[in-house]
Each structure stands twice: as structure tokens, then as C-alpha cells.
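Residue numbers (this note's numbering), protein chains in the order written: chain A, 71 to 275; chain B, 113 to 385; chain C, 95 to 592.
Reviewing the structure listed below.
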Amino acid sequence: MNKSIHSVLSCKAARIAVFAFGMLAVSCHSVAADQTARAQRLPGNSIYQLPISLTDQDGHEFRLSGKRGKPVIVSMFYNSCQFVCPMLIDTLQMTEDSLTPVQRNSLSVLLVTFDPARDSVAVLKSITNARHLDAQHWTLARTDDGSVRKLAAILGIQFKLLENGDYNHSTALVLLDGEGRILGSTNQIGEVDPQFAKLVRDAAK
Amino acid sequence: MGTALSTWLSLVWLAVVATAATADDLAPVGYVTVTPGSLTSVLSNSSDNRPIPVKPFSVRVTPVTNAEFLNFVLKNPDWGRDRIASVFADHTYLHGWKSATDYGDQTDRQRPVTNVSWFAAQAFCEHEAARLPTWYEWEYLAAADATHADARKDPAWRARILAWYDTPTDMHGPTVGGAANYYGVRDLHGLIWEWVEDFNALFISPDSRNQGDPDKLKFCGAGALSLQDKENFAILMRIALLSSLSGADTTDNLGFRCARSAVPNLTHTTPNQ
Amino acid sequence: MMKTTSRLIGTLFIPLILMAASHSAVADPGTKSPGRLSGDFGPPQGEPIHAILTSPPNVPPPIHRKFPAKVIVDLEVVEQEKEISEGVKYMFWTFGGTVPGSFIRVRQGDTVEFHLKNNPGSKMPHNIDLHGVTGPGGGAASSFTAPGHESQFTFKALNEGIYVYHCATAPVGMHIANGMYGMILVEPPEGLSPVDHEYYVMQGDFYTAGKYREKGLQAFDMDKAIDERPTYVLFNGAEGSLTGDKALTARTDQKIRLFIGNGGPNLVSSFHVIGAIFDKVRYEGGTNMQKNVQTTLIPSGGAAVVEFQTKVPGSYVLVDHSIFRAFNKGALAILKVDGPPKKEIYSGKELDSVYLGDRAQANMASVSVATKAAASGTLTQQEQINAGRELFAGTCSVCHQPNGAGLPGVFPPLAGSDFLNSNHQRAVGIALHGLTGKVVVNGNDYTSVMPPMNQLNDDEIANILTYVLNSWGNKGGTIDASAVKAERARPVAEQAGH
Numbered sequence: 071m072n073k074s075i076h077s078v079l080s081c082k083a084a085r086i087a088v089f090a091f092g093m094l095a096v097s098c099h100s101v102a103a104d105q106t107a108r109a110q111r112l113p114g115n116s117i118y119q120l121p122i123s124l125t126d127q128d129g130h131e132f133r134l135s136g137k138r139g140k141p142v143i144v145s146m147f148y149n150s151c152q153f154v155c156p157m158l159i160d161t162l163q164m165t166e167d168s169l170t171p172v173q174r175n176s177l178s179v180l181l182v183t184f185d186p187a188r189d190s191v192a193v194l195k196s197i198t199n200a201r202h203l204d205a206q207h208w209t210l211a212r213t214d215d216g217s218v219r220k221l222a223a224i225l226g227i228q229f230k231l232l233e234n235g236d237y238n239h240s241t242a243l244v245l246l247d248g249e250g251r252i253l254g255s256t257n258q259i260g261e262v263d264p265q266f267a268k269l270v271r272d273a274a275k
Numbered sequence: 113m114g115t116a117l118s119t120w121l122s123l124v125w126l127a128v129v130a131t132a133a134t135a136d137d138l139a140p141v142g143y144v145t146v147t148p149g150s151l152t153s154v155l156s157n158s159s160d161n162r163p164i165p166v167k168p169f170s171v172r173v174t175p176v177t178n179a180e181f182l183n184f185v186l187k188n189p190d191w192g193r194d195r196i197a198s199v200f201a202d203h204t205y206l207h208g209w210k211s212a213t214d215y216g217d218q219t220d221r222q223r224p225v226t227n228v229s230w231f232a233a234q235a236f237c238e239h240e241a242a243r244l245p246t247w248y249e250w251e252y253l254a255a256a257d258a259t260h261a262d263a264r265k266d267p268a269w270r271a272r273i274l275a276w277y278d279t280p281t282d283m284h285g286p287t288v289g290g291a292a293n294y295y296g297v298r299d300l301h302g303l304i305w306e307w308v309e310d311f312n313a314l315f316i317s318p319d320s321r322n323q324g325d326p327d328k329l330k331f332c333g334a335g336a337l338s339l340q341d342k343e344n345f346a347i348l349m350r351i352a353l354l355s356s357l358s359g360a361d362t363t364d365n366l367g368f369r370c371a372r373s374a375v376p377n378l379t380h381t382t383p384n385q
Numbered sequence: 095m096m097k098t099t100s101r102l103i104g105t106l107f108i109p110l111i112l113m114a115a116s117h118s119a120v121a122d123p124g125t126k127s128p129g130r131l132s133g134d135f136g137p138p139q140g141e142p143i144h145a146i147l148t149s150p151p152n153v154p155p156p157i158h159r160k161f162p163a164k165v166i167v168d169l170e171v172v173e174q175e176k177e178i179s180e181g182v183k184y185m186f187w188t189f190g191g192t193v194p195g196s197f198i199r200v201r202q203g204d205t206v207e208f209h210l211k212n213n214p215g216s217k218m219p220h221n222i223d224l225h226g227v228t229g230p231g232g233g234a235a236s237s238f239t240a241p242g243h244e245s246q247f248t249f250k251a252l253n254e255g256i257y258v259y260h261c262a263t264a265p266v267g268m269h270i271a272n273g274m275y276g277m278i279l280v281e282p283p284e285g286l287s288p289v290d291h292e293y294y295v296m297q298g299d300f301y302t303a304g305k306y307r308e309k310g311l312q313a314f315d316m317d318k319a320i321d322e323r324p325t326y327v328l329f330n331g332a333e334g335s336l337t338g339d340k341a342l343t344a345r346t347d348q349k350i351r352l353f354i355g356n357g358g359p360n361l362v363s364s365f366h367v368i369g370a371i372f373d374k375v376r377y378e379g380g381t382n383m384q385k386n387v388q389t390t391l392i393p394s395g396g397a398a399v400v401e402f403q404t405k406v407p408g409s410y411v412l413v414d415h416s417i418f419r420a421f422n423k424g425a426l427a428i429l430k431v432d433g434p435p436k437k438e439i440y441s442g443k444e445l446d447s448v449y450l451g452d453r454a455q456a457n458m459a460s461v462s463v464a465t466k467a468a469a470s471g472t473l474t475q476q477e478q479i480n481a482g483r484e485l486f487a488g489t490c491s492v493c494h495q496p497n498g499a500g501l502p503g504v505f506p507p508l509a510g511s512d513f514l515n516s517n518h519q520r521a522v523g524i525a526l527h528g529l530t531g532k533v534v535v536n537g538n539d540y541t542s543v544m545p546p547m548n549q550l551n552d553d554e555i556a557n558i559l560t561y562v563l564n565s566w567g568n569k570g571g572t573i574d575a576s577a578v579k580a581e582r583a584r585p586v587a588e589q590a591g592h
């Protein structure tokens, strides 16, 4: 009797059957995947169309489109920025504070650095700790220079590296819906923009 | 029935041949190596406007043509007019083409492709292992005339450029391949506006009278870049145009060319596949 | 799109702040309507209105609405080649296809939703700065528009007045020099007083590589613009834009209002209408009025409103009174007024008389003495002779010579003339009416023409003849002005000398 399974499997016909079953399984999966993909196809005006990869403050790599699902406030900054960027984080925190806990939970914040050369994973982690940013909702990320430029272009943010290593950059808080479409933005920092806050509250429902 | 069928078959055959010809009948892409140097730019990089070093790079001799761009679209159908995501190009993308896969007249073959967005231009360049030139690289090349590396003080250089602003936009204008400048690069002036890699680094206030009055909260760092030599109107126009655009925008007279940083061990230029 | 929200917030915040501020402020005694919020009459009411825009020289009709509304303005920038002078072409950058651009008319307190479109055929990005906007850059920052795109921003027209608008894209001077300017009128809530005609005229200076009236397509000349050496100074963007059959028109006894602006980019205008006096000038387009003005200054980037009444028919020439600009660079326009003549106001030419100028020699004192004496009835013969001597010189001496000798065979002598001395009355007649035909003087024939000297008055002829009769061996005598008068009044047929 022990021999029976082996002898069954060693039979050519059995191998073919296993192979066929495997193919069937595979094809079922790919059909399902196609269907899922169609259902999940990104809208044409979603910024998640941008096929870039980033690394977060814990060293985990992720695709930009991985943020799909919940509304996100995206912005760009860099660590050596003395003036505006700390205010940017303040403003984001204040905006968060104006939400209810339920709303806060349905929202995430993504901050991408202009300066991947100096803002390593360790630097990003230290900022997260120093500013007591809730890692559950806050992602500080870095990517390559080319992707930084593309992300800025798609968000409508300007930036330029100066000779002394500083960056000139515009500041924008951009609100994305769950599908990555831009719902609105503000360049008011230092205080919460009430109109932007309302958009955030509506999106975070 | 025989005649009709053979006519139909001939037409089909011709169409196939024509398409095949369009797709493959392209000369290898011409890049030229540019002597490195430095540039005193219209847009300063530092508080005392020191010359900006321009590292070795190579650049396409001529802007990208309709034929070359079609070749790219055929191989990358997601960049076709009918499929492109609106976040990468607005509804005017390639609107002058006859269809998503046909630029139309054979006479348009060697005309510079226009109505392309920054994202599309970037994608094309990446496809040939290149990138868009940076603003400083572009300015460095554009400062030259036929015989001098920097002809910006020459009124004739300026006048020739300003004269282009007086001519109406013509989407069926000249083909690429005008006279070469000091670096061997053609068509930097007088043909089309061109994208640059850092088009969104050209910080001028959209109201140009605010120079020297930077909104500190708006622009981190030293404030908006100041424009040196305000008399350099010819270059100012370019900056104005580029700074009015977003990455998905196109215009009837805006095209591009590609560049490559000179990296050691870089293989020789490959034809556009 | 990214920045729209924040820009809208920015532009709306300012009027809100102003409203709040004026709530707490004491009403400015200088405003026309104390106690009312200055310029903000509350939120817009009723349906949004699409503003009527007109091409120069026409002006949209007056607004009769009594409440603030939302007004939508759609303005397109077009880069277009047009004629700047006959046979001379120039690439203009225009608001609405004209230079100056379309005229915009709104009411104080209106909320204006401004749509700026840039034609896809444009090479350049453009924006707009409206001097009537209270907000950063006058709207320029919010309206920066690439070719083939459209920008929108909203502002409240808080101040009434006439304001210039222009493009403020780098390089600003070039955009303005290429014709990118126009005017917006913000009417006071009670409207403007009714007039018969309102016209829109704007001066500008233009800089071409070629010379004035050099034919062909002319390029913009940056160096000339920086040096402020215009090739053309024009009303409404072209030579002849307001002359001939394109002249402004009116009838006599009509009230005219001109909205006159100056786009620059460089020159200030000394605006004058030849033959007219401005009854009222809102100088600099401000609130105050000046009256009875001949020439008013319009700064570059400024405007004024002038009003006058037409009375007499004719062609009235609008000029920049820096006059070489009018006659050598094209700064002139015509207002043609038709109607019946009004001689009591302006007669036209009444008299064309010889004006001796400085041929009438230095010492006219004796003439004044004689005139005074004659008036007081104390004229002496010597005074007549002295006056006559001065008057003889330059008039009679030309032919009869200073010594009265005449020209043999041509002009008869007066010295020792038997013809003269034998008949004084005849001499008076000849001086007045002239003489043709043969005369015999001192035995010699003279057949010549003496023109009538009727431009001289009675006193003058009397004095001249008195001098002649008492000079060069003549037999003496006195001619009285009354004798000359009597001779002048005689019917032609009887006049001595015929």
C-alpha cells in the first residue's frame, strides 16, 4: 500500500494531471488577478500612477501606490531646512489635532524629503522621534533624485538645490483621496487653513 | 470581385509597409559630447552669483521629432494620446497628430514634436537611457552662437532670438536641423521652446515686479531667486514660459531634447529602439 | 489647480479684512457718502452677469443697476500681427485682439470673476495686473497663464474710478511695449452723469528696429525701449487709427466724455485737444475735478476722464502736446464734429491783411503820438509828417524809393511830381484804390500798376500823403483823415483813380 502514492505520482499520467491542475489553478488565479486589477485600476488623475518606490523611516521599501486606500496628506521637506520645514510639521500636527480621533485614524501623512543625499533612513527616524510623530499615521520617506523631481512635479511643488546645500522650495500640503486624486491643497503654514481643514474632515469620514 | 479584393489587399499591404517604415526607418540618434565649463547664469545659485560649474554631459544634436516620438509611443502604448493618464498629460497632448499612432503628414516627420508634457518627455528620454537637460545645461548651450561659447553680450545673438518672438506660432513650421552652434548643437533658438529637467526649479515670482521681495513663508531658503542681468530678455522669456507650466501641460510650440550625464564607462550611444 | 484654493482664499481675505476694518473705522469725511462702508456694498445679488467688453474706441453702455452683482469677465490674450502704420507691420500682444485691450465696465462693489485665457497660438505666457484691484500684484500673481490655458481669480471692485490694466509677465516692459494694456472703469454706485458720447482712447509708445514708417515687419527694439527713444507714439495702437473715416464723431452741442489712458511703457502724455477746452478733468482719474483745462498730464500707467461740450463744427485734433510726437511720431487723432456753424463763437477767418512785421521800422513812436493826437483832436501837421515818414518806409518806399525818385520808366516819382501836386484828392483816391493805365508825370509816361493800399487806415493814408506833400521839394499841404474816409466811402464808379 505505501508504494501506491509514489507509484501513482511517478506515473506520467499523474504528472500530467498534477501539471494540468496546477495550470488550472494558476490560470484561475490570473483571471482573478485580472478581475481584481480591473476593479482596482487607478483613475487617470491619480498621482499613484507615478511608478516610484520610496523607503520609509524604518527602512521599509514601498510603492507610492501602496498608500492607496485611505486619504493622505502629502508634502515635501528636508531636514536641514531651518525655517519653513519645522513649521510645516507643526501645521500638519495642528491640522491633525483639529480632527476627531476617528477622523485621525482614517487619515495618513506622507512627508518626502527633497534631500535624499543627506536625509538617510536614520535621519528620518530621528525626526520622527524628535517630533513625536505617530508612526502609525506618519510616514517620512526618501527616494532617488529623479523620483523626487517627478513627485514634486505631480504635486505642483517647486524646488531647487542651491550651491550651499540649501533648497529653495515652495510649500504645499496636498490632500489626496483614497484613490490618490488631489482633493485640494494649501500653502498656508504656521496656522491651520480652515478651508483645507474642512476638506480633510470631509475626506476622513 | 477579384479586382476589389486585390485593391483591398494592396491597400492593406501598403498600410503595413507604411507603418513598418515609420516605426523602423530612423537613423541612429545623434548625441554630441559637450565640453564642460561654467556658466554665469541669469538665475543665480548663490548669494553672490558665482559661476555655476557645468559637468560633462552629452546632448541630442536636434530636438526630438514627430517620427521619433511616434516610435516611442508605438513601443509604449500607455503614452499614447488615447491611453495616457490625465495626471501625466492634459487633453491637448499631441492634439495636432492625426491619431494616437499617426502624426499625419509625411512632411511632419522631421518636425519637432510639440504638445508633449514634461512627464511624456521624461519618459521618452528614460527610454533611451537619457534624461531631460537641466536648466543650467540648457542655458550653457544656448549662450553660444556659431563661433563663440558665450555670445550673450552680442546684440545680434539677442536680436535673432527676439525675432522669433515676433513670428506667429506655426505647427507646420521648419523641420529640425538648423545651423549648428559652437557646441555642434542645433535648433536651440528659433524653433520651439524646450522642456528642462528642473522646469519647476525656476523660481521667479509670477508677478515679475516682485523680484527682491520674496515671500519668506512661501519659499524656504534664501527666498525666490533673483534675476541677474534683467536686460537678458531673451533668456527671461524662456524662464517665464517654463515657470508658467505644470508637468502635465503642453503647448503648441513646446518640445524637448534629451541629455545624458557623462559617466565613466558609459557605452556608446544606442539607436532609438 | 493646486494653488487655486489658496489663491482664492488670499484674494477674498483682503476685502473681508477691509470690510471688518471699515466697520470699526470712523467714516472718512473725504468719501462721497459718509456713513456707508467704503466701497463694499455687501455680497453680490441676483444672477451672475457676463460683462460686456468693447473694442476701442467704444465704451460699454452705462450701468443702471442699483445693487452689487457678480460680474464675469472673459478676456483672451491673442498675439497678432497688425499694421502699426501704413505698410508697416508689428507683432502685437493684445488683450482681446486690440491695442488697447477691451474696455471693462463694472460698478463699485461688484464681485468680478476674472477669466484670463491665453490663446494656444501664443508663444508667451501672460497675466494681468488691473490697477483697480486691491490684492497682490493687482491680480498678476493669480493670473499667470501659459499658452492654451486659462486662469481665474476673483476680486471685489472696492474703489470707483478709471484704471489701467496691463500684463506684468517678465519682461514687463516688453509686454507693455507690445500693446498689452487697457482700461477698466469702476462706476460709482450712482453712475456717471449722462453725456452724448463716451469714447476710449489710450496713448502708447512703440519701439521698432526700423525707422519711423519704414515698411515691412518691424521687430521690437529692446535698446530703444530701455533708452526711451520711441519710434512711434500713437493713440490706439496704430497711425491713423482715429483719423479719416475712423475719426471719432459727434454733433455740435453735444457732451463728450473721453476716457483717456496712457499705457506707456515710458512716456508721460501732455494730452490736449486742439480747439477745445476741457470743461472738466478728473485728473489722474481720481475723485477730484479740475475745470477749464487746456492740457492735462496723463502719467504712464495712468488715465484721466475729460469732458467737454462741442459747440462749433470742425475737426478737433487730439494730440500729445509734446508736439514732435504728434507730428513726427503719429500721436494724433481726430474728433469730427458736424453741425451748423456758429459764427458768434468762432467766426472763421475775417480779415487777411498785410502784416508788416519788422519791415515796419523801429520808431513807431511817432505813429502812436499821431494816433493819440488825432483821437484827442490835437493833431498837428508835423505830427502827421513824422508818422507818415515811418509809415512810408517799407510800404511806399519799396516802389517809389525812400527818396521819392521812383524807378525811371517803371514807377513814377513822387518828388517834385506835377501829377501829385496838382490834385491832392486824386492822390488820396490813388492811395486807396490803386491805379492802372498810363499817367504822365513830369513829362514822362508811366504805364504800370499800383495796387490799392486799402489795408492802411484813414489816419495812415492821411499821414503818409502829408509827409509826401512836404518832402523832396513838393509844394506842401495837409491831408485830413476825413478826406480819406470820404474817398473810401465813394461808390466805385466815381472813385478817383479809375
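Idealized CB from N, CA, C, for every residue including glycine.
{"Query": "Where does B:M349 fall in DSSP's three states?", "Result": "helix"}
{"Query": "Rounded to a whole number of angstroms, what is the C-alpha to C-alpha distance between C:F189 and A:T125?", "Result": "49 Å"}
{"Query": "Suppose the cutoff is 7 Å on Cβ atoms and the five residues either side in sequence are ignored; what does the same chain contact list for C:D315 look like?", "Result": "Y301, T302 and A303"}
{"Query": "Does C:F247 get closer than 8 Å to chain B when you measure Cβ to Cβ?", "Result": "no"}
{"Query": "Please report the distance separating the alpha-carbon of C:G528 from that of C:R376.", "Result": "58 Å"}
{"Query": "In chain order, what residues of the same chain lie with their CB nearer than 6 Å to the CB of C:Y293, ignoring the 5 residues before and after it?", "Result": "P151, L342 and L352"}
{"Query": "Throw me the rounded Cβ distance for the C:Y275 and C:G357 pair, which I believe falls under 8 Å.", "Result": "3 Å"}
{"Query": "Helix, strand or coil, according to DSSP, for C:L391 in the structure here?", "Result": "strand"}
{"Query": "Hey, does C:E341 have any beta-carbon neighbour from chain B nearer than 8 Å?", "Result": "The sequence shown places Ala at residue 341 of chain C, not Glu. Answer no: the Cβ-Cβ gap between C:A341 and chain B never drops below 8 Å."}
{"Query": "What residue from C:Y326, C:F421 and C:E281 has the CA that sits closest to C:V182's CA?", "Result": "C:Y326"}
{"Query": "If the criterion is Cβ atoms closer than 8 Å, does the pair C:A459 and C:Q478 meet it?", "Result": "no"}
{"Query": "By the three-class DSSP mapping on this structure, what secondary structure does C:E438 have?", "Result": "coil"}
{"Query": "What residues of chain B sit near A:N149, judged by a beta carbon separation below 7 Å?", "Result": "Neighbours of A:N149 on chain B: none; closest Cβ ~12 Å, over 7 Å."}
{"Query": "With 16 as the cutoff for other CB atoms within 10 Å, does C:S363 come out buried or exposed?", "Result": "buried"}
{"Query": "Along the chain, where does the alpha helix (DSSP H) that runs through C:V461 open and close?", "Result": "A459 to S470"}
{"Query": "For B:K187 and B:D194, what's the separation of their Cα atoms in angstroms?", "Result": "14 Å"}
{"Query": "Should B:G359 be flagged as near chain A, meaning a C-beta pair shorter than 8 Å?", "Result": "yes"}
{"Query": "Counting only the same chain and skipping the five closest in sequence on each side, list residues whose C-beta sits under 8 Å from that of B:W305.", "Result": "R350, L353, L354, T363, N365, L366 and G367"}
{"Query": "Are three or more beta carbon pairs between the stretch 235–242 of chain C and the stretch 279–292 of chain C nearer than 8 Å?", "Result": "no"}
{"Query": "Just by C-beta distance, which residues in the stretch 241–259 of chain B are closer than 8 Å to chain A?", "Result": "R243"}
{"Query": "Quick check on the DSSP output: the beta strand (DSSP E) that includes C:D168 runs from which residue to which?", "Result": "K164 to S179"}
{"Query": "If I measure Cβ to Cβ from C:T389 and keep anything under 7 Å in the same chain, skipping five residues before and after, which residues do I get?", "Result": "S364, F365, H366 and H415"}
{"Query": "Could you tell me which chain B residues have their CB closer than 7 Å to the CB of C:M274, listed as they occur along the chain?", "Result": "Per Cβ cutoff of 7 Å: no residues; C:M274 is ~13 Å from chain B at best."}
{"Query": "Can you name the residues that DSSP bridges to C:M185?", "Result": "C:E175"}
{"Query": "Given this structure, state the Cα-to-Cα distance separating B:A371 from B:T147, to the nearest angstrom.", "Result": "13 Å"}
{"Query": "Would you say B:N312 lies against chain A (beta-carbon separation less than 8 Å)?", "Result": "yes"}
{"Query": "Using the C-alpha atoms, what's the distance from C:A575 back to C:A583?", "Result": "12 Å"}
{"Query": "What is the C-beta distance between C:S216 and C:V171, in whole angstroms, given that I count them as a contact (C-beta under 8 Å)?", "Result": "6 Å"}
{"Query": "Is C:K430 helix, strand or coil when you go by DSSP?", "Result": "strand"}
{"Query": "With DSSP as the reference, identify every bridge partner of C:Y259, one or two as the case may be.", "Result": "C:L224 and C:G276"}
{"Query": "With a threshold of 8 Å between beta-carbons, can C:A454 be considered close to chain B, or not?", "Result": "Legend: pLDDT at C:A454 = 43, less than 50; position of this residue unreliable, value from coordinates given subsequently. By this cut-off, C:A454 is not an interface position."}
{"Query": "Compile a chain-ordered list of the residues in the stretch 200–217 of chain C whose CB is closer than 8 Å to at least one CB of chain B.", "Result": "P214, G215, S216 and K217"}
{"Query": "Contact defined as beta carbons within less than 8 Å: I believe B:L253 pairs with B:L300. What is the distance between those atoms, to the nearest angstrom?", "Result": "6 Å"}
{"Query": "Within the same chain, show all residues whose beta-carbon is closer than 8 Å to that of C:D61, passing over the 5 residues directly before and after it, in chain order.", "Result": "With chain C running from 95 to 592 in the structure shown, residue 61 of chain C is simply not present."}
{"Query": "Pull up the distance between the alpha-carbon of B:T219 and that of A:D215, whole angstroms please.", "Result": "39 Å"}
{"Query": "State the Cα-Cα distance for the pair C:A467 and C:D553, rounded to the nearest angstrom.", "Result": "11 Å"}
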